[in-house]
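With the sequence shown counted from 1, adding 72 to any position gets you my numbering.
A quick write-up on the structure given underneath.
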Amino acid sequence: MPKEVLDDVLENCVFLMLGEDAGVRAAFLPAALIGGKSVFAFYEMLYSKTADEQNSMVLHEIAHYVLGHSDRGLSDAEYVKQEEKANALKGQWNRDYKEYLDYVEKRANELVDRGECDDSSLAWDRACQEADERL
Ligand SMILES: [Zn+2]
73 MPKEVLDDVL ENCVFLMLGE DAGVRAAFLP AALIGGKSVF AFYEMLYSKT ADEQNSMVLH
133 EIAHYVLGHS DRGLSDAEYV KQEEKANALK GQWNRDYKEY LDYVEKRANE LVDRGECDDS
193 SLAWDRACQE ADERL
């Protein structure tokens, strides 16, 4: 996910973890609907998921936020279209992140191989900084 999206989410959204499973996996409530900050609600069943599944669910809901989605007055077809768009954006973020990690790993190995960095952890940190500056 782009840094500006993360900054926006942290500034304008609230995350809730609800103790009871209400039969919904996760929900995004837009600010316009509730008259304040946007709300992401997740249910405790999220804890039983793998890290990849947790990331997928959270990114999907954030994608709804970024795309300005709302459940109000949607036909079934419109709802399905919103779900597809949220999943497409989530997929793009995952591909971007994988590309970022691939770059960092390659660059960190280069730094160690060339003797520019003798500690692999420092090489990784430096490669992350370089990758961040490229974006
Ligand atoms: Zn959705």
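A virtual CB, placed ideally from N, CA and C, is assigned to each residue, including glycine.
With at least 16 other beta carbons inside 10 angstroms of its own, Tyr115 counts as buried.
In the DSSP secondary-structure assignment, Tyr115 is bridged to Leu90.
Lys121 is not a Cβ neighbour of Asn84, given a cutoff of 8 Å. For Cys189, the secondary structure class from DSSP, reduced to helix, strand or coil, is coil.
With respect to the 8 Å criterion, Ile134 and Val176 are not classified as neighbours on the basis of their beta carbons.
Secondary structure of Ser120 (DSSP, three-state): helix. Taking the Cα of Met73 as reference, the smallest distance to any Cα among Gln201, Ala195, Arg198, Glu171 is reached at Glu171.
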